[in-house]
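Just so it is clear: in the sequence shown, position 228 is 361 by this note's numbering, and no numbers are missing.
Backbone N, C-alpha and C define an ideal beta-carbon position, used for all residues, glycine too.
Here's the structure, in structure tokens; my notes come after.
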Amino acid sequence: MTSRRARRGAATLMLCLGLVAVVTLAGCSVLAGSVHKPAAADGPAKNDRPRGAPPVVMFLGDSYTVGDRGVEAESTYASATARLLGWQVVVGGRSGTGYVVKGRGPHAFLGLFESQLGWRPAPDMLIVSGGHNDFRIPPAQVAAAAHVLLERARQRWPGTRLVVLGPLWGTGTPVPGAIAVRDALKNLAGQLGVPFVDPIGEQWITGDLLTGQGNAPRLIKQDRTHPTPAGHLYVATRLAADLKRLGLAHPVRKA
134 MTSRRARRGA ATLMLCLGLV AVVTLAGCSV LAGSVHKPAA ADGPAKNDRP RGAPPVVMFL
194 GDSYTVGDRG VEAESTYASA TARLLGWQVV VGGRSGTGYV VKGRGPHAFL GLFESQLGWR
254 PAPDMLIVSG GHNDFRIPPA QVAAAAHVLL ERARQRWPGT RLVVLGPLWG TGTPVPGAIA
314 VRDALKNLAG QLGVPFVDPI GEQWITGDLL TGQGNAPRLI KQDRTHPTPA GHLYVATRLA
374 ADLKRLGLAH PVRKA
């Protein structure tokens, strides 16, 4: 009887250990607008990631990043980039938001950073993607809000790499307001020494659904704004290529 109990106990222990391994290896955490209460802060986390462990990268953005109708967060360019480069990823943000614009929720990017990401252990890299929804806001105001956000992230996670991904524009010629916001964010990133990736300047999306020209007809939905699943994968390949060029394909948080 004792031997049988011992064997059952050992089997149960092995099963539990197996379940823990599965949970530990899960590589994608999707927030997409969820709000979490901050945990107690213990000061800046040390870079104690096990040798060989994949980088932990967080994204903060709008509907391009967290998904829109018909595209879940795990299928957006953010998650696709993580799969391409072998990262563990946390995707945060909310549809309709920007550095200043709050969309239908109570928070712009700074509030979303605080509620969704900033209380977490420091990642190796944070990519902030947005500005598209701020195109009606004065560029100086957008840049000021972005400055506060980036400085808050630096204070919270001193060793975390930061990247600013400029506005994405779905189809047709970007409106002047979007170009002005892009320019303001690019200038700010240069002043802060933060790498800036410029989808508009690099012409990731070209042409227009209305004319049938460029790559927009096969990459952008009929709303002329959001990428299709194929469009998200394409954006991921462009972002991954830029991060490789910048030496950030496999980021490591500074000690």
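Among the candidates Trp302, Gly326, Gly185, whose CA atom is the shortest distance from the CA of Asn348?
Ranking Trp302, Gly326, Gly185 by CA distance to the CA of Asn348 puts Trp302 first.
Helix, strand or coil for Ala256, going by three-state DSSP, please let me know.
It should be pointed out that residue 256 corresponds to Pro in this sequence rather than to Ala. DSSP places Pro256 in coil when its eight states are reduced to three.
Where does Pro332 fall in DSSP's three states?
coil
Just mark Gly231 as buried or exposed, buried being the case when its beta carbon has 16 or more other beta carbons within 10 Å.
Buried.
Mapping DSSP to helix, strand and coil, what is Val222?
strand
Over the uninterrupted alpha helix (DSSP H) stretch that includes Leu193, give me the two end residues.
Counting along the chain, Leu193 falls outside any alpha helix (DSSP H), though it belongs to the beta strand (DSSP E) covering 189 to 194.
For Val261, which residues in the same chain have their Cβ closer than 6 Å to its Cβ, ignoring the five residues on either side in sequence?
Leu193, Val297
Who does Gln346 pair with in a DSSP beta bridge?
Asp341
Would you kindly check if the distance between the Cβ of Ala317 and the Cβ of Thr214 is under 8 Å?
No, these two residues do not count as a Cβ contact at 8 Å.
For Ile353, collect the residues of the same chain with a Cβ closer than 8 Å to its Cβ; drop the 5 residues on either side in sequence, then sort them by chain order.
Gly303, Thr304, Ile338, Leu342, His359, Pro360, Thr361, Gly364
Please report the residue range of the beta strand (DSSP E) in which Leu318 lies.
No beta strand (DSSP E) holds Leu318; the alpha helix (DSSP H) holding it covers 309 to 325.
Do you know how far the Cα of Asp257 is from the Cα of Ala322?
18 Å
Looking at the secondary structure, which residues open and close the beta strand (DSSP E) in which Arg294 lies?
294 to 298
Using only alpha-carbon positions, find the residue among Val234, Arg289, Leu243, Leu295 that is nearest to Pro272.
Val234
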